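Chains A and B, in that order, give the protein sequences. Using my numbering, you'd call the opening residue of the first sequence number 11 and step up by one each time. Using my numbering, you'd call the opening residue of the second sequence number 11 and step up by one each time.
Number of protein chains: 2
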Amino acid sequence: MTAEIVAVGSELLGAQRVDTNSLYLTQKLNEIGVEVAAKTVVGDDKARLAAVIQQARTRTPLVILTGGLGPTEDDVTREAASAACGRELVFHQEILDGIEARFRSARRKMAAINRRQAFLLAGAEALANDRGTAPGQWLGEPAKTLILLPGPPHELKAIFEQECLPRLRRLVPERHIATRVLRVTGLPESDLDQRIAPIYTRYTNPVTTILAAPGDIQVHLRGQGSSESEARVVVEELSRQVEAELGDRVYSREGESLEEVAGQLLESHGATLAVAESCTGGMLAERLTAAPGSSKYFLGGWVTYHAEMKVRWLGVDPRTLDSCGVVSAEAAREMAEGARRLAASTLGLSITGAAGPAPDPHPGAAGPKPVGLVFLALASEEDCLVKERQFLGERERIRQQATQMALDLIRRRFLPGSGRE
Amino acid sequence: MTAEIVAVGSELLGAQRVDTNSLYLTQKLNEIGVEVAAKTVVGDDKARLAAVIQQARTRTPLVILTGGLGPTEDDVTREAASAACGRELVFHQEILDGIEARFRSARRKMAAINRRQAFLLAGAEALANDRGTAPGQWLGEPAKTLILLPGPPHELKAIFEQECLPRLRRLVPERHIATRVLRVTGLPESDLDQRIAPIYTRYTNPVTTILAAPGDIQVHLRGQGSSESEARVVVEELSRQVEAELGDRVYSREGESLEEVAGQLLESHGATLAVAESCTGGMLAERLTAAPGSSKYFLGGWVTYHAEMKVRWLGVDPRTLDSCGVVSAEAAREMAEGARRLAASTLGLSITGAAGPAPDPHPGAAGPKPVGLVFLALASEEDCLVKERQFLGERERIRQQATQMALDLIRRRFLPGSGRE
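Take a look at the structure:
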């Protein structure tokens, strides 16, 4: 079964606010196996809202309206729904009595305009609202359900849980949902899709969604089944094939971030880390320390932003910078080794690169490096691995991709078969 | 003129993500006098999307689609728009050449599926995308405009600003808008609103909007007038009163970030800075280096996450840590002074605090400090200013607020009347 959510209110059409009720509703609907097929936000405009409701009902069996049930002139949901469904609004004395009682118990007098809230669509059931004056409404027609809910989140949630979910469970065949979030690094989105589309497009259950951020792709698999274990089996079957195709580029299977994965590996191997950053300016350390408990493996780091600080703080040889430049394999290696030595840590990790937009300020005799060129180094007692990468995009994207790759160097060091396990 | 925004992507229909592109577009549209009448989110479902586009076009003169222009099978926006408008998709060799050149410059091979991105609606103009492979599209019909934009925000923003706004300005009757973005730190949102609401509620033009983030509040004023100078006068009248009420807590009047303001002050005073961070773990350095050109004043920093590194790298006296603890005024002072000495910079800035959720790992004889307690120090040749603050909230909020306050210490040092100008 699919649903559409229509949020009503001109205040939701500004540049600052988003409709968050729909996120709550989506979660609850997904849990009972209902997919949200579309979401709309409409202002307090009766004709436009009526058109939106009517169109939603032609294509989707369940339509949920939120907001616009207040007592004032700009609360147009009741009237728009009436026009869209061709059903009159009918006055209910018992609802008005309830609203009046609510005001009395707060020792306030009900305003005359609240009478508007005592009208229901002909044939609709009132959904009791114990936190506000406007009742919700449930209009159940064959193969077509319309729900009207008030906009304030605490009212909406209470009505949805107490009144709507029990009714929906009777409508919706029982479904169980299982999810898996594979996170992948080291592969551009289009390459990833080209490799796994032939696999996931064979399945409509699970549903596959791909989300891309700089240096980080999430593959969401959401499967349904008549039992929890059936749903899980459905997801695992597809997940196994996707994972086999992507191999060790998959860094997490439950949605953990790369800094969490790298941190867990450091901790479980009893290893400690120090970092030396140039173009990323602290972003690598910031990500490593975002996780509580990171002090168990992360000792600290240097942001040697100015070339001279690489020499003074980390012991990089000034002749290296003069001959190779600060953006070089040699500089990266000396930074990582310096960090490791000065922290007495198991590993030292460095990043140096040209994040732009200004040109490389210290090119050395080797000449200026192009924007996006980054060198990373991971030093241990036995060796020092150095990687070179040309990233694309703007300053912030280059910094994010470089940070991501640095974290991945840690992860890869601990992969089975890396020769270090 | 009114617009509808349609965001395409099944990932935007989950319980976690919201469409934020529409907020950006709404702001830009409002600035040229276009109101958003409805917003829709649709999944990667060609038939449903085509129906939504068609309906939006019947009621609204400007329809903007975002997302679904990628190279993969589930990128259906081009085809849905083609069906909705009754216009074929036409292949453009010059667009494909551009995409191929983009891949070549990154030393990568274009995947065959990227060819899909070289198709335009018949009669549409390509909107150049210098940050990604998918061009936008502009289909201008009499009294009906359809715009297709890619989903990644940095691509969408660049295309909208460079390609769409100039075209829209020719379509929209001229109305002048002036805006001012006051940014404020050091005041909770409710206190701020209590102080300025009596002022701004007297005006319906300008419209006032308040946005709060940890340690950072933005007051947006948007005024209209029949000429640019009239709009500006309207905004300035209100802005002057708000600024007078808030005094030196207003750190910028054009929306600049606090790291930009602090950086400009350092640069214009010929000052250099080094930082020493503990609980913020690199966040301060990361923000300072987010601005291009920061190497003019920012020399570098230390993330002395482990207590021992404060001693070994910055020369903090181990007896200080043993008696006062790492979260102490004394530790902050020695960190700031150490950073300044080792960098030979004009200023040294430090942060040490308990960001939680784990208790203070090195309390010293002074006993454990509560979560949220942070000490900051700003050292110069003449003196060292130390501040103590108890922040509220979770780890990430505490880190953000501490970073914000550290940047504000720099700004306040250069305020007229601070005795240092």
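The beta-carbon is built from N, C-alpha and C at its ideal position, and this holds for glycine as well. None of the values given here were measured: they were computed from a predicted structure.
Status (buried if at least 16 other CB within 10 Å, exposed otherwise) for E431/B: Annotation note: pLDDT 44 at E431/B (below 50); position unreliable, coordinate value reported separately. Exposed, by the Cβ-count rule.
Within 7 Å of any Cβ in chain B, is that where the Cβ of E296/A sits? yes
Determine, for F170/A, whether the minimum Cβ-Cβ distance to residues of chain B falls below 7 Å. no
K154/A in three-state terms, based on DSSP: strand
Could you please give the first and the last residue of the uninterrupted alpha helix (DSSP H) stretch that includes L402/B? First-last for L402/B: undefined, no H or E at that position.
What residue does the beta strand (DSSP E) around K167/A start on, and which one ends it? Careful: K167/A lies outside any beta strand (DSSP E), inside the alpha helix (DSSP H) at 163-169.
Pull up the distance between the alpha-carbon of A57/B and that of A90/B, whole angstroms please. Distance between the alpha carbons of A57/B and A90/B: 7 Å.
For the putative contact between E255/A and R205/A, defined by C-beta atoms under 8 Å, what is the C-beta separation to the nearest angstrom? 5 Å
Buried or exposed for K119/A, going by 16 or more other Cβ atoms inside 10 Å? exposed
Collapsed DSSP secondary structure at A111/A in the structure displayed: helix
Closer than 9 Å between beta carbons: that is the criterion. Which residues of the stretch 403-427 of chain A meet it against chain B? G403, E404, R405, E406, R407, R409
Use the C-beta contact count for L402/B: other C-beta atoms within 10 angstroms, 16 or more gives buried, fewer gives exposed. exposed
Just checking: is the beta-carbon of E431/A within a distance shorter than 7 Å of some beta-carbon in chain B? Note that E431/A scores a pLDDT of 44, beneath 50, so its modelled location is shaky; the value from the coordinates is reported in the next line. For E431/A, the answer is no, since every Cβ of chain B falls outside 7 Å of its Cβ.
How about G43/B and V182/B: are their beta carbons less than 7 Å apart? yes
Rounded straight-line distance, which links the Cα of D418/A to that of A134/B: Whole-angstrom Cα-Cα distance: 43 Å.
Name the DSSP bridge partner or partners of F385/B? T362/B, E398/B
Would you please verify whether the beta carbon of L388/A is less than 7 Å from any beta carbon of chain B? no
Would you call the stretch 359-373 of chain A in contact with the stretch 271-290 of chain A, where contact means no fewer than 3 C-beta pairs closer than 8 Å? yes
Measuring CA to CA, which of T12/A, L75/A, T68/A, V62/A is closest to D29/A? L75/A
By Cβ distance, which residues of its chain are closer than 6 Å to R242/B, with the 5 residues on each side in sequence left out? A188
Could you tell me if H164/A is buried or exposed, where buried requires 16 or more neighbouring beta carbons within 10 angstroms of its beta carbon? exposed
Taking only the alpha-carbon atoms, compute the straight-line gap between E253/B and E247/B and give it to the nearest angstrom. The alpha-carbon atoms of E253/B and E247/B are separated by roughly 10 Å.
Given a cut-off of 7 Å, decide if V337/B and A364/B are closer than it, judged by their beta-carbon atoms. yes
Once the 5 residues before and after S355/B are set aside, which same chain residues still bring their CB inside 7 Å of it? Closer than 7 Å at Cβ, skipping near neighbours: T282, L283, A284, L309.
Determine the direct distance from the alpha carbon of S267/A to that of E456/B, and round the result to whole angstroms. With chain B covering only 11 through 431, there is no way to say anything about residue 456/B.
Using the Cα positions of A168/B and V51/B, report the straight-line distance between them to the nearest angstrom. 22 Å
Looking at C-alpha atoms only, which residue of R350/B, L425/B, G366/B is the closest neighbour of D393/B? When each option's Cα is compared against that of D393/B, the closest is R350/B.
Quick check: what's the CA-CA separation for S20/A versus D54/A? 6 Å
Segment contact, 8 Å Cβ cut-off, at least three pairs: the stretch 172-180 of chain B with the stretch 210-227 of chain B: Counting C-beta pairs closer than 8 Å gives fewer than three between the stretch 172-180 of chain B and the stretch 210-227 of chain B, which falls short of the contact rule.
Would you kindly work out how many angstroms separate the C-alpha atoms of L59/A and D201/B, rounded to a whole number? 38 Å
Taking 7 Å as the threshold (C-beta atoms), are A341/B and T330/B in contact? A distance below 7 Å separates the beta carbons of T330/B and A341/B.
Contacts of V381/A in chain B (Cβ-Cβ under 7 Å): None at all; the shortest Cβ gap to chain B is about 11 Å.
Determine the direct distance from the alpha carbon of E347/B to that of A389/B, and round the result to whole angstroms. 6 Å
Is the CB of T189/A under 7 Å away from at least one CB in chain B? no
Look up L455/A in the DSSP assignment and say whether it is helix, strand or coil. Outside the shown range of chain A, which is 11 to 431, sits residue 455/A, and nothing can be said about it.
Assuming V271/B contacts R421/B (C-beta within less than 8 Å), just tell me the rounded distance between them. 6 Å
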